[in-house]
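Engineer: Pasting in a structure now, in structure tokens, and then I'll have a few things to ask.
There are 2 protein chains.
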Amino acid sequence: MSSLTDRPSFLLSQLGFHVAAEFGRRLEPLDLRPRQFGMLTYLSAGGNVTQQELGARLGIHRNVVVGLIDDLERRGLAERRKHPDDRRAHAVRLTDLGRELLGHAERIADELDAELLGDDDRQALLHLLHRAAARAGLQHGVHPGLQAGPGNAPGAC
Amino acid sequence: MSSLTDRPSFLLSQLGFHVAAEFGRRLEPLDLRPRQFGMLTYLSAGGNVTQQELGARLGIHRNVVVGLIDDLERRGLAERRKHPDDRRAHAVRLTDLGRELLGHAERIADELDAELLGDDDRQALLHLLHRAAARAGLQHGVHPGLQAGPGNAPGAC
DNA sequence: TATTGTTATACTCTATAACTATA
DNA sequence: TATAGTTATAGAGTATAACAATA
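Right under this line is the structure:
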């Protein structure tokens, strides 16, 4: 008579959604959606990132990327430059303001991490999650919750 | 320079979404959606469960519950009976067929659990997740991913 | 001919608000 | 007056398909 709370997969999913939703809520004061946080994070590495690449990396369809970057650009957090190698594409870059806002968001994430568990437990959890993620074949930094899907939660990360 | 994969909260969310999505995919051959699985699970405890109670428990709005139970009833997995104490309400019951299908779904969940990690690691993970869930104040068996939200993934559990 | 960015249209799902019947 | 179930309407969001510019 296994209860749902005895299933690691259920607990994992339950906690994962909870944490994602909580992160989304804490991001609201920054007027930033989890998908945009993902974008800023990916852009922060620099380089000539095309919208196509950005969408492919985060699992967001390219026609949705347009609107999200429209918003980021309108707010001065990112900008479309001319792509040096391909005149069809944009090279999306993070602005200083965008980098600053990303810093705020990361501090929020730090807080969330800190609240999750005590230091020792958190380290142990991180280790186990890494093993499970590798076993599941998950790609680094690719969050399936960001993908468009048929009505995916814009608030859930 | 903390990568996203160094954040337990991100990994938790990433793995949680992945597991939920995978569970949803494996449930498809049974023509059962994760939310319906949640309903069958809750109904399996028996008793006179009203639609209101079911929705409140799973975080699904009552007007959405109607359609989901319509489907379950049409397929002979659940049925609406007269509620003995309140003539406004239905007493939703699981049928034998519904109980059987729930068994199939639980076996699918068992497989997913088994694939997650080796036995020892899985036990350790379960322990840590329990602690984190308690710390976060999560309720037993209440999955925030099932909630309606502004465009919540019907495929993600 | 394929690809990048963009826009428009159709579809799916939820939110809100009503309504009936009971309490 | 409030609540259980139901239905209808409107809204938010995505998928699909087109398009122009460029490869």
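Protein chains in written order, with our numbering: chain G, 17 to 173; chain D, 17 to 173.
All residues carry an ideal CB built from backbone N, CA and C; glycine is no exception.
Everything numeric in this text was worked out from a predicted model, so none of it was measured.
Taking the beta carbon of D:VAL35 as the centre, do at least 16 other beta carbons fall within 10 Å, making it buried, or is it exposed?
Structural biologist: For the purposes of this step, residue 35 of chain D is taken as the residue at position 19 of the second sequence. Its Cβ being crowded by 16 or more others within 10 Å, D:VAL35 is buried.
Engineer: Residues of the region 103-121 of chain G in Cβ contact with chain D at a cutoff of 9 angstroms, in chain order, please.
Structural biologist: Under the 9 angstroms Cβ criterion, the region 103-121 of chain G contributes no residue.
Engineer: For G:ALA121, which of G:SER25, G:LEU20, G:GLY32 and G:PRO50 has the nearest alpha-carbon?
Structural biologist: Sequence index remark: in the first sequence, residue 121 of chain G carries index 105 (1-based). It is G:PRO50.
Engineer: For G:LEU132, which residues of its own chain have a beta-carbon under 8 angstroms away from its beta-carbon, when the five flanking residues on both sides are left out?
Structural biologist: Numbered from its first residue, the first sequence carries residue 132 of chain G at position 116. Excluding residues within five positions, the ones whose Cβ falls inside 8 angstroms are VAL35, ARG138 and LEU141.
Engineer: For D:THR57, count neighbouring Cβ atoms within 10 angstroms of its own Cβ and tell me buried if that reaches 16, exposed if not.
Structural biologist: Counted from its first residue, the second sequence places residue 57 of chain D at position 41. Counting Cβ neighbours within 10 Å, D:THR57 comes out buried, since at least 16 surround it.
Engineer: Counting only beta-carbon separations shorter than 7 angstroms, does G:SER29 have a partner in chain D?
Structural biologist: On the first sequence, position 13 is the one that residue 29 of chain G refers to. By this cut-off, G:SER29 is an interface position.
Engineer: Less than 7 angstroms between the beta carbons of D:ALA107 and D:ASN79, yes or no?
Structural biologist: Position 91 of the second sequence, counted from the start, is the residue given in the question as residue 107 of chain D. Position 63 of the second sequence, counted from the start, is the residue given in the question as residue 79 of chain D. For D:ALA107 and D:ASN79, no; Cβs fall outside 7 angstroms.
Engineer: Three Cβ pairs or more, each shorter than 8 angstroms: is that satisfied between the region 114-130 of chain D and the region 144-151 of chain D?
Structural biologist: Verdict: no, contact absent.
Engineer: Of the residues D:VAL158, D:ASP112 and D:THR66, which one's Cα is nearest the Cα of D:ASP101?
Structural biologist: Here residue 101 of chain D refers to the residue found at position 85 of the second sequence. For the residues D:VAL158, D:ASP112 and D:THR66, the minimum Cα distance to D:ASP101 belongs to D:THR66.
Engineer: For D:GLY114, does the count of other Cβ atoms within 10 angstroms reach 16, so buried, or fall short, so exposed?
Structural biologist: Walking along the second sequence from the start, residue 114 of chain D turns up at place 98. Its Cβ being crowded by 16 or more others within 10 Å, D:GLY114 is buried.
Engineer: Determine the chain D residues that contact G:ASP129 at a beta-carbon separation under 7 angstroms, and present them in chain order.
Structural biologist: As a working note, residue 129 of chain G is residue 113 in the first sequence. By Cβ distance, chain D contributes ARG23, PRO24 and SER25.
Engineer: Counting only beta-carbon separations shorter than 7 angstroms, does G:PHE33 have a partner in chain D?
Structural biologist: Numbered from 1 along the first sequence, position 17 holds the residue referred to as residue 33 of chain G. Closer than 7 angstroms to some Cβ of chain D, the Cβ of G:PHE33 qualifies, so yes.
Engineer: Let's test the definition: count the other Cβ atoms within 10 Å of the Cβ of D:ARG37 and tell me whether it reaches 16, buried, or not, exposed.
Structural biologist: What you label residue 37 of chain D is simply residue 21 of the second sequence in a count that begins at 1. According to the sequence as given, residue 37 of chain D is Ala; it is not Arg. So D:ALA37 counts as buried.
Engineer: Tell me where the alpha helix (DSSP H) around G:LEU70 begins and ends.
Structural biologist: Against the first sequence, residue 70 of chain G aligns to sequence position 54. 67-74 is the span of the alpha helix (DSSP H), which, as asked, contains G:LEU70.
Engineer: In terms of alpha-carbon separation, which member of G:ARG104, G:GLY54, G:ALA61 and G:LEU154 lies closest to G:ILE85?
Structural biologist: For the purposes of this step, residue 85 of chain G is taken as residue 69 along the first sequence, with counting starting at 1. Checked all of G:ARG104, G:GLY54, G:ALA61 and G:LEU154; the closest Cα to G:ILE85 is G:GLY54.
Engineer: Between which two residues does the alpha helix (DSSP H) harbouring G:GLU122 extend?
Structural biologist: For this step, residue 122 of chain G is matched to residue 106 along the first sequence. Residues 112-132.
Engineer: Could you pull the start and end residues of the beta strand (DSSP E) that D:GLU95 belongs to?
Structural biologist: Position 79 of the second sequence holds residue 95 of chain D. Residues 94-98.
Engineer: Between the region 44-78 of chain D and chain G, which residues of the former have CB atoms less than 7 angstroms from a CB of the latter, in chain order?
Structural biologist: Going along the region 44-78 of chain D in chain order, one finds THR57 with a Cβ nearer than 7 angstroms to chain G.
Engineer: Kindly indicate which three-state DSSP category G:ARG109 falls into: helix, strand or coil?
Structural biologist: For the purposes of this step, residue 109 of chain G is taken as the residue at position 93 of the first sequence. If DSSP states are grouped into helix, strand and coil, G:ARG109 belongs with the strands.
Engineer: Under three-state DSSP, which class holds G:ASN79?
Structural biologist: The residue given as residue 79 of chain G occupies position 63 in the first sequence. Residue state, collapsed to three classes: helix.
Engineer: With distances taken Cα to Cα, identify the nearest neighbour of G:GLY92 among G:THR111, G:GLY62, G:ASP22 and G:GLY157.
Structural biologist: Working through the first sequence from its first residue, we reach residue 92 of chain G at position 76. Looking at the Cα atoms, G:THR111 is the closest of the given residues.
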